[in-house]
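Colleague: So that we are looking at the same thing, I have put the structure below in structure tokens.
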Amino acid sequence: MTIEELHEFIINSDASEISQCIGIDSYKVKLLLSNVEVSVEATSVLIQILTHINKLDGEILKTPPFQILYINLAFYFKQANKPAYVTTCYNRIGDSILKQRLLAWHQYKNYTNKESHLKRFPAYLEKVSAAVSDGQEEYYDEILVDLFSYYRSFGHIPGFQDLFSNAELQERFAILKEFNSKKAALEYQPEIEIETDKVYTPTIFSNNLFNRKFLNYIRNHEDTIWYEILLGYDTFTIRSKIINFGQGHFDNNYEDITSDQIVKLYCYFNMRKHYYSSLYLFERCSWLKRFPKQSGAIKFIDIGCGPATSAIAFIDFLVSLGMEVAKFDYIAVDYYNSMLKGAADMMTNELHEPANSNIYINDLKLLDLDFLEDASCVLINTSYLFASDSLQEDELAERIIDILKIPNKCPKFLFFQNVIDPDKNEKYEKFKNVLHEHELLINENRIIKYNNQRNSIFKPTEEKVRFEVLKF
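Counting in full-length UniProt numbering, the sequence shown runs from 1 upward without gaps.
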């Protein structure tokens with residue numbers, strides 16, 4: 001579908017036809033509108049679509065299909081810097097975190113003098129703080145990008161950028177603390193080579209699993225005020241101190257929060273987005289389809305496994321091929337016992353069955369290499385592993401080389417995903433240079449688009465990811 005085809009359909013259809021079509025193809029429409037590059041031609045076509053649907057009956061415009069149109073049109077017009085059309089859209093959008101984000105942007109776009117940027121900055125922060133999360137969809141990274149855009153665009157106003165480091169404002173607004181902690185990363189804006197052609201959402205299996213294993217626990221805990229206070233702590237404290245942006249010491253308690261609870265908080269903030277990127281990578285490797293049909297067992301070695309995020313994605317991938325139960329041997333490797341415990345809990349589910357057994361170890365050197373004798377293939381997974389400050393990449397390379405030397409000559413692959421920032425990938429480059437000769441099957445940057453809620457009307461969240469797959 002193109003925007004011209006969408007335009008032709010909408011202009012020539014009545015409200016019920018539009019509602020039915022958008023309802024069936026909602027993800028296609030969200031993907032289409034979120035991928036449109038700003039141009040005079042595209043803006044003209046989308047203005048015509050907006051003008052047409054605005055003439056329809058007011059009540060039907062509150063239904064999910066039309067909300068999807070208004071939300072995604074609004075964010076296009078925001079990107080195109082068309083405040084008047086953003087206003088037209090958000091006047092039709094129901095109360096939501098996305099509406100708060102649009103209102104925040106629109107607020108400063110209408111200022112007529114420089115002083116307003118200084119005086120009304122706290123009011124802006126109120127709006128973007130309300131736009132971060134609703135407990136289902138989350139837009140932390142997008143809000144930080146909005147803040148950085150505002151910071152950079154109006155830096156010429158004396159005293160404006162000083163507000164972003166103001167201690168009092170940081171105490172009032174946690175999002176401003178997070179902005180300052182990640183400002184250096186925000187200044188690096190890489191060019192994304194390719195974008196994904198899918199909006200990911202949890203499968204029925206993963207959605208039920210996430211609810212059962214951590215979401216319901218956090219949501220229903222006596223110290224939770226959903227979704228602003230989780231287990232008694234605000235989200236910035238959790239993200240920056242308790243899980244330390246995914247780099248925390250997960251075997252240590254934090255005040256009255258146990259290590260098991262910290263793993264659940266990690267799952268809440270990180271597991272789902274890494275699940276989607278892992279699922280994309282497995283789907284991208286179409287040749288994986290042949291291994292479930294071969295004799296022997298798939299050996300999935302998950303280094304820095306966390307709560308088995310990639311393994312859950314691999315289960316969904318295998319089930320999508322027609323397997324009733326995803327049968328493979330899972331070898332989970334993680335420094336933290338609490339993460340291994342969380343991984344074992346996740347892998348205790350209705351859709352996975354070990355071919356022989358699952359193994360949970362703190363160090364790859366503890367793996368008995370004889371366990372790989374019956375492998376049909378060896379899949380070595382490294383999901384965000386190389387962003388770790390404590391990782392010893394030379395030692396890891398030695399362990400991987402030992403695996404590559406096993407008598408079993410089955411195919412061996414290494415799956416890599418990480419943030420795009422080159423500084424966070426230096427260890428991977430050093431690690432890769434130590435390995436045996438290999439074939440580079442995949443090397444790309446992608447924007448993974450996803451919604452955490454099935455059938456969400458919200459625009460997709462975006463995660464920028466670097467991927468590589470090596471074959472040995």
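In this text, a Cβ means the ideal position worked out from N, Cα and C, and glycines have one as well.
Taking N110 as the reference, give the member of S277, N81 and G135 with the closest Cα.
Modeller: Selected option, being the one with the closest Cα: N81.
Colleague: F317 to I11, Cα distance in whole Å?
Modeller: Their backbone Cα atoms lie some 39 Å apart in a straight line.
Colleague: Quick one: is K99 buried, meaning 16 or more other Cβ sit within 10 Å of its Cβ, or exposed?
Modeller: Buried: at least 16 other Cβ atoms inside 10 Å.
Colleague: Given this structure, state the Cα-to-Cα distance separating L414 from L367, to the nearest angstrom.
Modeller: The alpha-carbon atoms of L414 and L367 are separated by roughly 17 Å.
Colleague: Judging by CA-CA distance, which residue of L163, D95 and F386 is the nearest neighbour of K432?
Modeller: The candidate whose alpha carbon is nearest that of K432 is F386.
Colleague: Here's the rule I'm using: 16 or more other beta-carbon atoms within 10 Å means buried, otherwise exposed. How should Q156 be labelled?
Modeller: The sequence as given places His at residue 156; Gln does not occur at that position. Label assigned to H156: exposed.
Colleague: Which residues bound the alpha helix (DSSP H) around Q247?
Modeller: Counting along the chain, Q247 falls outside any alpha helix (DSSP H), and DSSP gives it neither H nor E.
Colleague: Here's a check: name, in chain order, each residue in its chain whose Cβ is nearer than 6 Å to the Cβ of K28, leaving out the five neighbours to either side.
Modeller: Around K28: M1.
Colleague: Tell me whether A375 sits in a helix, a strand or coil according to DSSP, three-state version.
Modeller: Strand, per DSSP.
Colleague: Starting from the C-beta of T382, find all residues in its chain whose C-beta is less than 6 Å away, skip the five residues before and the five after it, and write them out in chain order.
Modeller: The answer, listed in chain order, is I303 and F416.
Colleague: Do you know offhand how far N220's Cα is from A123's?
Modeller: So the alpha carbons of these two residues sit roughly 31 Å apart.
Colleague: Whole alpha helix (DSSP H) runs in the stretch 105-143 with 4 or more residues, listed along the chain?
Modeller: Those alpha helix (DSSP H) runs which fall completely within the stretch 105-143 and span 4+ residues are 114-119 and 121-129.
Colleague: Whole angstroms is fine: what's the gap from D234's alpha carbon to W226's?
Modeller: Rounded to the nearest angstrom, the two C-alpha atoms are 10 Å apart.
Colleague: Here's the rule I'm using: 16 or more other beta-carbon atoms within 10 Å means buried, otherwise exposed. How should D146 be labelled?
Modeller: With 16 or more Cβ atoms within 10 Å of its Cβ, D146 is classed as buried.
Colleague: What separation, rounded to the nearest whole angstrom, lies between the Cα atoms of V128 and E228?
Modeller: Going from the Cα of V128 to the Cα of E228 covers about 14 Å.
Colleague: From T196 to V319, what distance separates their C-alpha atoms?
Modeller: Roughly 22 Å separates the two Cα atoms.
Colleague: Taking the alpha-carbon positions, what's the R290 to P411 distance?
Modeller: One C-alpha to the other measures close to 12 Å.
Colleague: If I measure Cβ to Cβ from E444 and keep anything under 7 Å in the same chain, skipping five residues before and after, which residues do I get?
Modeller: Excluding sequence neighbours, E444 sits near E193, I194 and F467.
Colleague: Between the Cα of S149 and the Cα atoms of L440, L281, I24 and Q79, which residue gives the shortest distance?
Modeller: Among L440, L281, I24 and Q79, the Cα nearest to that of S149 is on Q79.
Colleague: Measure the C-alpha to C-alpha separation of L31 and I457 and round it to an integer number of angstroms.
Modeller: The straight-line gap from Cα to Cα measures roughly 12 Å.
Colleague: Taking R399 as the reference, which of E168, D421, S34 and L369 has the closest Cα?
Modeller: When each option's Cα is compared against that of R399, the closest is L369.
Colleague: Specify the secondary structure class of I49 as computed by DSSP and reduced to three states.
Modeller: Three-state result, I49: helix.
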